[in-house]
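Undergrad: After the structure tokens below, expect a handful of questions from me.
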Amino acid sequence: MPEGPEHPAPLLTLAGVRKSFGAVHALADGRLDLRAGEVHALVGENGAGKSTLVKVLAGVHGPDEGVMALDGQPVFFGGPADARAAGIAVIYQEPTLFPDLSVAENIFMGRQPLRSLRRIDTAAMRQRTEELFARLGVRMDPDRPARGLSIADQQLVEIAKALSFDARVLVMDEPTAALSGVEVERLFAVVRSLREAGAAVLFISHRFDEVFALCERVTVMRDGRWVSTDPTAELTVGQVVRRMVGREVSQLYPKQDTTPARSSCRCVT
């Protein structure tokens, strides 16, 4: 697709990415382009290769083949720390926070601001945490222990942590699966604020109403391969499903013949 005001250059691209585990080809042709200031959906059936693609983005797996580029320059991540340093963060469905630490301590774990004599500057850490949540448009007590936080609040802590690393690409893997309707709306407001701030958000979901409500474009994967990338405004749910499964929806659920069987009886005398 040509670049221009309506189609800006991608912030992050993957092209021809392959990843195998023994004889299993988890990713045969991974492709993706993420733009700054855009929410981009990634959809596919279980086993389509979405998780492997995310792990390549996160530096968990190195690709066997293919190219990944950031700002137009090829990159290779030797591990998650490299991806994080490059500004890529993954928000998983079930965050893993340290339950006995505070919200602020979880966000700045290993990077706490220090005072003289290398003592942790608790006040500065608290202030920075409040500033991060203010950017997201939410309120949360920085001193609150992570234990007992809802899944929705834990996700917000993970997003704030990503911002503390100056993340420009945020990958959200099924973030609404365990959320209530009110929590989903709050998360959507946060995602929209990230988009307005110029972040590229990759949104992975099986819920098509969310994909069409939140995302500008959608990439479909099937059997470890890229199938298509199109604006959501130019697609219907039926078209997306057909691309995901490779056949018409009517073939998945064939119409059953509900005509009552004709019966007859014989009178025996």
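For the sequence shown, UniProt numbering gives the first residue as 1, with consecutive numbering after it.
Just so it is clear, CB atoms sit at the ideal spot from N, CA and C, and this is done for glycine as well.
(1) Would you mind working out which of S228, L235 and T232 sits nearest G30, comparing C-alpha positions?
(2) Counting only runs that start and end within the segment 183-252, where is the beta strand (DSSP E) found for 3 or more residues in a row?
(3) Where does L14 fall in DSSP's three states?
(4) What residue does the beta strand (DSSP E) around D88 start on, and which one ends it?
(5) Please list, in chain order, all residues of the same chain as E130 whose beta carbon is under 7 Å from its beta carbon, the five residues on each side excluded.
(6) Kindly indicate which residue of L187, G137 and Q154 has the alpha-carbon position closest to the one of S102.
(7) Alpha carbon to alpha carbon, what distance is there between F76 and R144?
(8) With a threshold of 16 other CB atoms inside 10 Å of the CB of F133, please say whether the residue is buried or exposed.
(9) Taking 8 Å as the limit between beta carbons, can you name the residues of its chain near V211, skipping five residues before and five after?
(10) Could you give the C-beta distance for V54 and V90, rounded to a whole number, given that I count them as a contact under 8 Å?
(11) Leaving out five residues before and five after A124 in sequence, what residues of the same chain have Cβ atoms less than 6 Å from its Cβ?
(12) Tell me whether D209 is buried or exposed, calling it buried when 16 or more other Cβ atoms sit within 10 Å of its Cβ.
(13) Within the segment 11-67, note down every full alpha helix (DSSP H) run reaching 4 residues or more, in order along the chain.
(14) Determine the burial state of R111: buried for a count of at least 16 other Cβ atoms within 10 Å of its Cβ, exposed for fewer.
(15) So does the segment 176-185 actually touch the segment 16-26, counting three or more Cβ pairs closer than 8 Å?
(16) For S102, which beta-bridge partners are listed by DSSP?
(17) Do you know offhand how far A15's Cα is from P74's?
(18) What span of residues does the alpha helix (DSSP H) with M172 cover, start to end?
(19) Over the uninterrupted alpha helix (DSSP H) stretch that includes V157, give me the two end residues.
(20) Per DSSP, A69 is paired with what?
(21) Only counting the same chain, and skipping five residues up and downstream in sequence, which positions put a Cβ closer than 8 Å to that of I120?
TA: Answer, in terms of the structure:
(1) Out of S228, L235 and T232, S228 has the C-alpha closest to the C-alpha of G30.
(2) Counting only runs of 3 or more, we get 200-204, 217-222 and 225-231.
(3) Here L14 sits in strand by DSSP.
(4) The residue you asked about is not Asp; residue 88 is Ile in the sequence shown. Note, I88: beta strand (DSSP E), I88 to I91.
(5) For E130, where only same-chain residues beyond five positions count, the Cβ hits under 7 Å are P142.
(6) It is Q154 whose Cα lies nearest to the Cα of S102.
(7) In this structure, the straight-line span from the alpha carbon of R144 to that of F76 is close to 37 Å.
(8) Classification of F133: buried, given that the 10 Å Cβ count is 16 or more.
(9) Cβ neighbours of V211 beyond the five flanking positions: A41, V43, F203, S205, V218, T232 and V240.
(10) Rounded, the Cβ-Cβ distance is 6 Å, consistent with contact.
(11) Setting aside the 5 residues that flank it on each side, A124 is surrounded in the same chain by P113, each with a C-beta closer than 6 Å to its C-beta; the list follows chain order.
(12) D209 comes out exposed.
(13) Correct list: 50-57.
(14) Its Cβ having fewer than 16 others within 10 Å, R111 is exposed.
(15) Contact between the segment 176-185 and the segment 16-26 is absent, because fewer than three Cβ pairs lie under 8 Å.
(16) Residue pairing by DSSP puts S102 in a beta bridge opposite P145.
(17) Each residue's CA atom was taken as its position, placing A15 and P74 some 11 Å apart.
(18) Where M172 is concerned, there is no enclosing alpha helix (DSSP H), although the beta strand (DSSP E) it sits in stretches over V169 to D173.
(19) From DSSP, the alpha helix (DSSP H) with V157 extends over I151 to S164.
(20) Paired residue(s): T13 and P74.
(21) Q112, P113 and L114, listed in sequence order.
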